[in-house]
Amino acid sequence: MPKITNFKCYLLLFLLSAVLSGAAFAQNPLVRDQFTADPSAMVVGDRVYVYPSHDIYCAENNGRENWFCMQDYHVFSSENLTEWTDHGTILHQEDVPWGNSTANSMWAPDCIERNGKYYFYFPDHGKETSVNGKGFTIGVAVADHPEGPFVPEPQPIKGVKGIDPNVFIDDDGQAYLYWSQEHIYGAKLKENMLELAGDPVILKELPQEGLKEGPYMFEKDGAYYLTYPHVANKTERLEYAVGKSPLGPFDFNGVIMDESPTGCWTNHHSIIQFKGQHYLFYHHNDYSPGFDKNRSIRADSLFFEDDGSIRKVDPTLRGIGVTQMTDHIQMDRYSALSKEGASIAFLDNKKPFKGWMVELENGAWVKYNRISFHQKPQTVSIRIMASKAGTLALYSGNERGPLLAKVRVSGGDHWEIIQKVITDSISGIHDIVLVNENGGKVAVDWVKFE
24 MPKITNFKCY
34 LLLFLLSAVL
44 SGAAFAQNPL
54 VRDQFTADPS
64 AMVVGDRVYV
74 YPSHDIYCAE
84 NNGRENWFCM
94 QDYHVFSSEN
104 LTEWTDHGTI
114 LHQEDVPWGN
124 STANSMWAPD
134 CIERNGKYYF
144 YFPDHGKETS
154 VNGKGFTIGV
164 AVADHPEGPF
174 VPEPQPIKGV
184 KGIDPNVFID
194 DDGQAYLYWS
204 QEHIYGAKLK
214 ENMLELAGDP
224 VILKELPQEG
234 LKEGPYMFEK
244 DGAYYLTYPH
254 VANKTERLEY
264 AVGKSPLGPF
274 DFNGVIMDES
284 PTGCWTNHHS
294 IIQFKGQHYL
304 FYHHNDYSPG
314 FDKNRSIRAD
324 SLFFEDDGSI
334 RKVDPTLRGI
344 GVTQMTDHIQ
354 MDRYSALSKE
364 GASIAFLDNK
374 KPFKGWMVEL
384 ENGAWVKYNR
394 ISFHQKPQTV
404 SIRIMASKAG
414 TLALYSGNER
424 GPLLAKVRVS
434 GGDHWEIIQK
444 VITDSISGIH
454 DIVLVNENGG
464 KVAVDWVKFE
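When we follow the working numbering, the leftmost residue of the sequence shown carries the number 24, and every step to the right adds one.
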């Protein structure tokens with residue numbers, strides 16, 4: 024892993040190279056043109072809205088170097104979990120009347136709807152608070168629409184000191200605020216969603232050793248699930264406890280997601296149900312493997328066992344949603360990969376937001392699932408680079424067929440787009456598999472059907 028001091032120029036280069044657009048697309052990470060973290064997901068009608076924090080890299084004299092640095096918030100939405108629209112900035116640190124406009128401490132937020140209003144909860148330092156101290160409190164901004172515009176309240180919530188706000192409304196209409204500061208706290212909210220209705224309580228039944236933060240509460244079948252990141256070893260894993268009321272007591276019930284295999288120190292999450300399926304939104308440092316304070320949001324499906332326990336989620340690159348056949352299908356966001364001879368690499372190490380490629384040695388394969396062939400495709404195009412001449416085979420289902428196309432590739436250190444006629448009829452939802460059947464190493468960027 025490169026030293027952070029050597030990583031500064033790298034990060035600044037690709038931050039400048041990122042081209043902002045109005046949409047992001049499926050697969051993990053969900054957002055591909057900026058850093059995002061701490062995703063708070065919310066269902067509004069037939070759309071999912073995600074409110075993440077927005078990591079940037081703080082240059083010298085612009086915040087605490089080599090630390091978390093956030094100045095504003097965006098909101099993203101999707102109706103199919105595949106195409107995500109960036110609605111732009113909804114709140115900036117300079118907009119907060121009570122906040123420190125130079126603290127770069129707009130950390131993990133949350134948003135919830137009540138009586139036709141949308142309440143956005145966020146942590147910040149006060150005007151007189153040391154940026155490097157523990158002086159976080161939590162404010163609220165209110166909007167008439169889930170994408171804003173949000174107007175911050177003139178003062179933060181009285182009696183709350185900490186970070187990582189989460190709001191839950193029970194079936195009886197009572198709202199609760201959760202947050203963390205050395206412990207995880209909970210308290211009732213008044214009907215106006217802007218004030219506490221009682222004294223905060225510490226939720227004590229959780230594991231005592233190691234940092235706990237980022238609470239997220241939801242209810243299912245009469246049980247209350249308190250979920251949270253916890254440093255049980257070296258980095259954060261996602262855990263949960265279950266109780267019979269929103270403020271406990273709770274019984275520790277297990278792990279939702281293990282520690283990052285690549286050492287990303289934080290994780291932060293939310294859990295929603297959308298169109299009959301539960302989803303876990305979380306983050307990882309995909310675009311910044313050498314600096315884990317610049318992160319990117321992900322999502323994967325979440326399942327429950329018959330006894331109500333949560334089945335552990337294995338993080339994937341494929342993520343969620345169905346990909347259309349006419350999209351650029353990014354094979355590096357695979358659903359399965361051969362154990363030998365296959366690897367993933369950045370297209371350009373200096374500009375990670377350009378994305379990745381999959382590299383296949385002779386005999387290696389890569390699989391991508393859940394592609395919608397809404398019409399019979401006539402051709403397939405593949406963006407490819409090969410070290411020497413060879414054959415790449417494209418199959419439907421698995422590496423044994425049916426065969427969709429065979430692509431003859433010429434050798435050379437340059438990218439080319441090769442188009443071939445489809446040899447077998449295909450329609451509906453299918454997986455595809457690319458196999459390097461004969462030749463040297465082949466790099467594949469994307470596949471597209473027409």
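Just so you know, even glycine gets a beta-carbon here, dropped at the ideal spot from N, CA and C.
{"Asked": "Limits of the beta strand (DSSP E) - the one that Tyr302 falls within", "Found": "Gln300 to His307"}
{"Asked": "Paired residues, beta bridge with Glu382 - DSSP", "Found": "Ser366 and Ala466"}
{"Asked": "Bridge-paired residues (DSSP) for Cys134", "Found": "Phe143"}
{"Asked": "Bounding residues of the beta strand (DSSP E) (the contiguous stretch that carries Phe326)", "Found": "Element bounds for Phe326: n/a, residue is neither H nor E."}
{"Asked": "Distance CB(Ser419)-CB(Ile452) smaller than 8 Å", "Found": "no"}
{"Asked": "Selection from Tyr302, Ala198, Ala264 and Asp195 that minimises the alpha carbon distance to Ile320", "Found": "Tyr302"}
{"Asked": "Contact check, His306 vs Asp95, beta carbons under 8 Å", "Found": "no"}
{"Asked": "Same chain, Cβ closer than 6 Å to Met408, five either side skipped, listed in chain order", "Found": "Trp438 and Ala466"}
{"Asked": "Beta-carbon contacts of Leu370 that lie in its chain and below 8 Å, excluding the five residues immediately before and after", "Found": "Lys377, Gly378, Trp379, Met380 and Asp468"}
{"Asked": "Close beta carbons around Pro179, own chain, < 7 Å, minus the five adjacent residues each side", "Found": "Trp121, Thr160, Ile161 and Gly162"}
{"Asked": "Nearest-angstrom Cβ-Cβ length linking Leu426 and Ala416, presumed shorter than 8 Å", "Found": "7 Å"}
{"Asked": "Sequence-distant residues of its chain with Cβ nearer than 8 Å to Ala246 (five each side left out)", "Found": "Val265, Gly266, Lys267 and Gly331"}
{"Asked": "Asn459 and Leu340 closer than 8 Å at C-beta", "Found": "no"}
{"Asked": "N-terminal and C-terminal residue of the beta strand (DSSP E) that Tyr199 is part of", "Found": "Ala198 to Gln204"}
{"Asked": "Test item: CB-CB of Ile186 and Glu236 under 8 Å", "Found": "yes"}
{"Asked": "Cross-strand partners of Thr160 (DSSP beta bridge)", "Found": "Asp147"}
{"Asked": "Minimum Cβ-Cβ distance from Thr160 to chain D less than 8 Å", "Found": "Included in the structure is just one protein chain, with no chain D present."}
{"Asked": "Beta-bridge pairing of Arg431 - partner residues as DSSP gives them", "Found": "Thr414"}
{"Asked": "Own chain residues within Cβ distance below 6 Å of Glu476, not counting five before or after", "Found": "The requested residue 476 does not occur in the structure, where the chain is confined to residues 24 to 473."}
{"Asked": "According to DSSP, residues forming a beta bridge with Lys211", "Found": "Tyr199"}
{"Asked": "Euclidean distance between Cα positions of Val430 and Pro400", "Found": "16 Å"}
{"Asked": "Buried versus exposed, by CB contacts within 10 Å (16 or more), His77", "Found": "buried"}
{"Asked": "Helix, strand or coil at Lys390 [DSSP, three-state]", "Found": "strand"}
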